[in-house]
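J.: Per this note's numbering, residue 64 is the first one in the sequence shown, and the count goes up by one each step.
Handing you this structure, nothing more for now.
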Amino acid sequence: AAERANFVTSANLKLGDNWEAYGDLFFSNEDTNSAFTPASLSSGSYVLTPATGGAAAVSNILPATNPSARGGIATPINYAFLDNGRRDTITISNAWRVTAGIKGTFLGWDVDGGYGHSEDHVSFEGRNYVNAESLTADIANGSYNFLNPLSTPAGAAGLNITDAYRAVSKLDTVDVKGSGRLFDLPGGPMKMAIGAEFRHESEDQPGDPDAALLLSTGFVRVVADRSVWAVFGEFDFPILKSLDADIAIREEHYGDVGSTGVKPQYTLKYTPFQQLTLRASYAQGFRAPSLEEASNSTLLSNSTVNDALDPQGRPTENVGNITSGNPNIKPETSKNLNLGVTVNPVDNVTLSADFYNLWLYNVIAGSATPQQVIDDPGAFPPGSLVRAADGTAIYTITSYSNQFEINTSGIDLAGNYTFPLAVGGRVNVGLGATYVNKFQINQAGVWRNFTGQNGWDYDSPIAGGGPVPHWKGSLNAGWANDTGLSAGATMRYTAGYQNSLTVFDQVTTQVNVASFTAFDLNAEYKVKNWDFRLSVLNVLNRYPPYDSAAMLDSPEGDPYDPFTYDDLGRAIDLHVKFSL
């Protein structure tokens with residue numbers, strides 16, 4: 064469940080004929096409450112050890128002297144602490160932003176300069192987590208009855224611990240920019256815009272002070288800040304009435320990772336006659352690593368793996384994965400080529416097609432997935448895989464690094480038709496679709512294509528991608544009249560994809576995941592100061608297509624791909640707005 068509240072206000076002050084001061088204030092509050100299954104103890108349980116930056120195993124073996132042990136012999140157990148109750152988490156985020164600036168005209172140039180400051184304060188509280196230190200003691204002295212926990216309520220209460228921590232992120236920005244005309248060309252005035260910006264970013268997330276006590280619980284520690292300087296410019300050349308060229312450049316320097324270099328964008332637009340427009344663009348880009356990726360941070364998460372050396376021979380097991388930041392990491396860079404055409408064959412009809420080809424370099428990701436470390440620990444630095452005394456995998460250690468290339472290409476299609484009705488009002492019909500021709504990843508010189516399948520989810524070196532179906536699109540139709548009444552319908556479509564994976568050495572019998580189609584309806588009525596809007600998403604209450612790979616691999620066991628779909632079913636949304 065979530066509750067959200069936002070407040071925003073702005074002000075403008077005239078400072079003469081050509082200048083104006085402005086400012087705005089924004090505040091947001093969000094409270095989120097979530098419920099999770101009770102904590103559990105198994106052979107892969109662990110606890111973080113902040114002093115060493117690693118984790119330690121929490122034994123699931125009951126000693127022979129423990130009353131719950133089987134027949135007076137040491138007994139390994141898999142146990143869920145149902146008597147402790149579900150784990151409830153409360154996350155409260157309070158964010159605010161204030162900006163102030165001045166803008167006006169100077170020597171024929173439009174000038175704008177301002178300052179902004181924003182902060183986000185997040186507090187987290189998790190209840191009914193298990194205290195690993197108390198649990199270890201209870202196992203040793205036999206004070207907790209695993210066979211009948213209701214007989215030892217004091218023991219259950221003693222195991223509960225509250226997981227609580229806070230995090231703060233801040234951003235300060237100072238910028239100045241100006242734009243104006245330089246000289247005339249055959250197609251019109253040549254225009255230029257230039258600017259500069261300074262930013263200071265900081266994140267203070269010291270992590271949970273009780274992390275060393277929490278049984279198999281994730282952990283994030285990021286304490287870092289940096290300053291960023293940027294300069295940018297754009298130049299528009301109307302060479303002819305039918306031909307326009309645009310050049311834009313930007314360079315940024317980060318206090319932690321250095322300069323990104325000058326990144327340009329070149330654009331050409333040619334309209335030989337009114338019904339046809341051709342366009343082309345080439346751009347270079349960058350993504351600086353986040354503070355988490357570029358600092359001495361620590362991230363502890365859970366992962367499901369298959370371990371061929373597991374002493375219990377289980378098909379899957381949970382392990383911890385510690386990912387550390389890398390101060391030597393470099394920014395990601397990109398190259399992007401776009402070619403497009405727009406035609407207007409008749410009045411009120413617009414059709415367009417755009418081809419794109421995008422290359423990403425130095426892609427930042429964890430140096431390996433936990434599964435890769437489990438499969439071949441000798442290929443990684445010593446200590447990357449930590450096992451318990453009995454050989455059970457406890458956790459892996461990786462770090463962020465630049466290691467991949469990504470190349471993707473495809474075509475975006477769009478169409479729009481507007482026409483009046485004899486009975487009044489007008490109808491608009493729109494179509495938008497994307498065809499992905501290629502999506503491939505280069506790892507150590509080997510290219511793998513993940514188009515038309517769900518391999519990026521579960522078989523890619525870069526986690527968290529989602530399936531890449533060849534087609535996605537939507538078709539919408541809307542009606543509106545001059546009385547403030549409008550209505551519309553939308554059909555959303557996602558093509559099916561191949562389910563060709565072998566998950567945890569188990570070949571799924573599902574060859575393909577089905578396509579998905581959903582219908583949405585909306586209506587709006589405006590009268591005087593009131594605005595009423597109603598929408599119904601997924602009118603037919605369609606649920607996502609079954610995906611066995613997602614069910615086998617995801618910790619939640621969802622029978623659909625959570626990157627592409629949700630299981631909300633039909634959703635009704637009503638908005639009422641009143642303006643003074």
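Note that beta-carbon positions come from the ideal geometry of N, C-alpha and C, so glycine has one too.
Nothing here was measured: the structure is a model prediction, and the numbers come from that model.
1) Cα separation between leucine 421 and isoleucine 474?
2) Less than 8 Å between the CB atoms is what I'm expecting for phenylalanine 482 and valine 426, so what's the real figure, rounded?
3) Start and end of the beta strand (DSSP E) containing isoleucine 392?
4) Of the residues Tyr85, Thr580 and Ser366, which one's Cα is nearest the Cα of valine 382?
5) Along the chain, where does the beta strand (DSSP E) that runs through alanine 552 open and close?
6) State the Cα-Cα distance for the pair valine 490 and tryptophan 542, rounded to the nearest angstrom.
7) Any beta carbon from chain C within less than 7 Å of proline 622's own beta carbon?
8) I'd like to know if the region 443–457 and the region 500–516 are in contact, where contact means that at least 3 CB-CB pairs between them fall below 8 Å.
9) From tryptophan 159 to aspartate 94, what distance separates their C-alpha atoms?
10) Within 10 Å of its beta-carbon, does arginine 150 have 16 or more other beta-carbons around it, so buried, or fewer, so exposed?
11) Excluding five sequence neighbours on each side, which residues of the same chain lie with their C-beta closer than 6 Å to the C-beta of glutamate 196?
12) Starting from histidine 638, follow its DSSP beta bridges and name the residues at the other end.
13) Looking only at its chain, what residues have a beta carbon closer than 7 Å to the beta carbon of asparagine 135, apart from the 5 residues adjacent to it on each side?
14) In chain order, which beta strand (DSSP E) runs of at least 3 residues are fully inside the region 95–145?
15) Note down the Cα distance separating leucine 538 from leucine 210, rounded to an integer number of angstroms.
16) Figure out for me which residue from Asp636, Glu260, Asp319 and Leu78 has the closest Cα to the Cα of proline 394.
17) Along the alpha helix (DSSP H) that carries proline 433, what are the first and last residues, could you check?
18) Is there contact here, the region 277–284 with the region 252–266, by at least three beta-carbon pairs under 8 Å?
19) Skipping 5 residues on each side, what residues in its chain have a beta carbon closer than 8 Å to that of phenylalanine 544?
20) Can you give, in chain order, each stretch of the beta strand (DSSP E) that sits fully within the region 412–495 and has at least 3 residues?
21) Since I believe glycine 270 is in contact with isoleucine 302 (beta carbons under 8 Å), could you give me their beta-carbon distance rounded to a whole number of angstroms?
22) Give a yes or no on whether the C-beta atoms belonging to tyrosine 419 and threonine 396 are separated by under 7 Å.
23) Sorted by chain position, which residues of the same chain lie with C-beta nearer than 6 Å to asparagine 384's C-beta, five sequence neighbours on each side aside?
24) Look at phenylalanine 502 and threonine 553 and say whether their C-beta atoms are less than 7 Å apart.
25) Taking the C-alpha atoms as reference points, what is the distance between threonine 546 and lysine 589?
26) Arginine 313 and leucine 331 look like a contact to me (Cβ under 8 Å); what is the Cβ gap, rounded to whole Å?
27) Among the candidates Trp519, Phe246 and Gly536, whose CA atom is the shortest distance from the CA of glycine 528?
28) Locate the alpha helix (DSSP H) running through leucine 198, then write down its first and last residues.
29) Along the chain, which unbroken stretches of the beta strand (DSSP E) at least 3 residues long are found entirely within the region 297–333?
30) Which of the three DSSP states is assigned to asparagine 399 in this structure?
31) Using only alpha-carbon positions, find the residue among Asn191, Phe295 and Ser186 that is nearest to tyrosine 228.
32) Expressed to the nearest angstrom, what Euclidean distance is found between the alpha-carbon atoms of aspartate 417 and glutamine 337?
33) In whole angstroms, give me the CA-to-CA distance for alanine 496 and threonine 405.
34) Throw me the rounded Cβ distance for the proline 532 and aspartate 624 pair, which I believe falls under 8 Å.
35) Thinking C-beta only, is proline 139 closer than 7 Å to valine 274?
36) Would you say glycine 241 and tryptophan 172 are within 7 Å of each other, going by their C-beta atoms?
T.: On the basis of the supplied data:
1) 12 Å
2) The pair is not a contact, with the Cβ atoms about 46 Å apart (cut-off 8 Å).
3) Premise fails: isoleucine 392 is in no beta strand (DSSP E) and is neither H nor E.
4) Ser366
5) 548–557
6) 5 Å
7) The chain inventory of the structure shown lacks chain C, comprising one protein chain alone.
8) no
9) 15 Å
10) buried
11) Leu276
12) Arg596
13) The question names asparagine, but residue 135 in the sequence shown is glycine. Around glycine 135: Ala127.
14) 109–112 and 117–120
15) 58 Å
16) Asp319
17) 433–438
18) no
19) Looking at the sequence shown, residue 544 is not phenylalanine but asparagine. Same-chain partners within the cutoff: Gly487, Gly488 and Arg489.
20) 412–429, 448–450 and 456–483
21) Contact flag wrong, Cβ pair sits at about 57 Å.
22) no
23) Ser364, Ser366, Pro433 and Thr459
24) no
25) 8 Å
26) Arginine 313 to leucine 331, Cβ: 19 Å. No contact.
27) Trp519
28) 195–204
29) 306–317
30) strand
31) Ser186
32) 19 Å
33) 15 Å
34) Going by Cβ atoms, the distance from proline 532 to aspartate 624 rounds to 10 Å, so no, they are not a contact pair.
35) Position check: residue 274 holds alanine in this sequence, whereas valine was assumed. Cβ distance not < 7 Å, so alanine 274 and proline 139 don't count as in contact.
36) yes
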